[in-house]
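All the letters of the sequence shown, read from the start, carry residue numbers 7 to 135 under the working numbering.
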Amino acid sequence: MTTGEIISIYNQVTAMEKQKFYEVLKNLAIFWEDLTKEHCIPHDFVARKWTNIYRDLTYDLIALEEELHVFALDLINDNTYTNFIFVDVIDKIQFHWEEFIFKKDNDTKEYFRKKIKEYYKKTHNISWF
């Protein structure tokens, strides 16, 4: 397997996994919108929280991409890889993506629920969850 083939496969895997991440972002936006409509939360609060979480998630995405890119480049520069090792590396990269996406999805939904509780508690002076 040539270096060019390895880079091409790595880029394809990364593109597929990034697409999954963007789908999760879209679903999180819908989740947040539905949650805030259900509880009649003002738009300025909704927009501010979404902007914060979107910024944080995209920074986390950049950090993950950087980490995986360095990991792949180290393998390529090592020149001792075999096809078997490269398949294992691709599996590890996919695992890291899946773990990242799952964690961000769950953590963000929990964050949104917490922010709704805090907002509701602050503005209505009662707890409803």
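Each residue gets a CB set at the ideal place from its N, CA and C atoms; glycine is no exception.
Assuming residue i and residue j are in contact, meaning their beta carbons sit under 8 Å apart, how far apart are those beta carbons, in whole angstroms?
| i | j | result |
| --- | --- | --- |
| Tyr126 | His49 | Not confirmed; about 16 Å, so no contact. |
| Phe37 | Lys115 | 6 Å |
| Ile96 | Val19 | 6 Å |
| Trp103 | Glu23 | 4 Å |
| Phe92 | Ile13 | Actually they are not in contact, since the Cβ atoms of Phe92 and Ile13 sit about 11 Å apart, beyond 8 Å. |
Determine, using beta carbons only, whether residue i and residue j come nearer to each other than 9 Å.
| i | j | result |
| --- | --- | --- |
| Ile99 | Ala78 | yes |
| Phe118 | Lys55 | yes |
| Leu34 | Leu67 | no |
| Leu41 | Ile107 | no |
| Glu39 | Val52 | yes |
Which one of the options has the shortest CA to CA distance from residue i?
| i | options | result |
| --- | --- | --- |
| Thr57 | Glu71, Asp84, Leu31 and Glu11 | Leu31 |
| Val76 | Tyr16, Gly10, Tyr60 and Asp111 | Tyr16 |
| Asn112 | Ile59, Lys43 and Tyr65 | Ile59 |
If you follow the alpha helix (DSSP H) that residue i is in, where does it begin and where does it stop?
| i | result |
| --- | --- |
| Asn33 | Thr9 to Glu44 |
| Ile82 | His49 to Asp84 |
Take residue i and list the residues in its own chain whose beta-carbon comes closer than 6 Å to its own, dropping the five residues that flank it on each side.
| i | result |
| --- | --- |
| Phe101 | none |
Would you please verify whether the beta carbon of residue i is less than 9 Å from any beta carbon of chain C?
| i | result |
| --- | --- |
| Arg119 | You won't find chain C in this structure, because it holds only one protein chain. |
Quick one: residues in its chain with C-beta nearer than 7 Å to the C-beta of residue i, no 5 flanking neighbours on either side, listed in chain order?
| i | result |
| --- | --- |
| Ile47 | Ile122 and Tyr125 |
| Thr9 | Ile82 |
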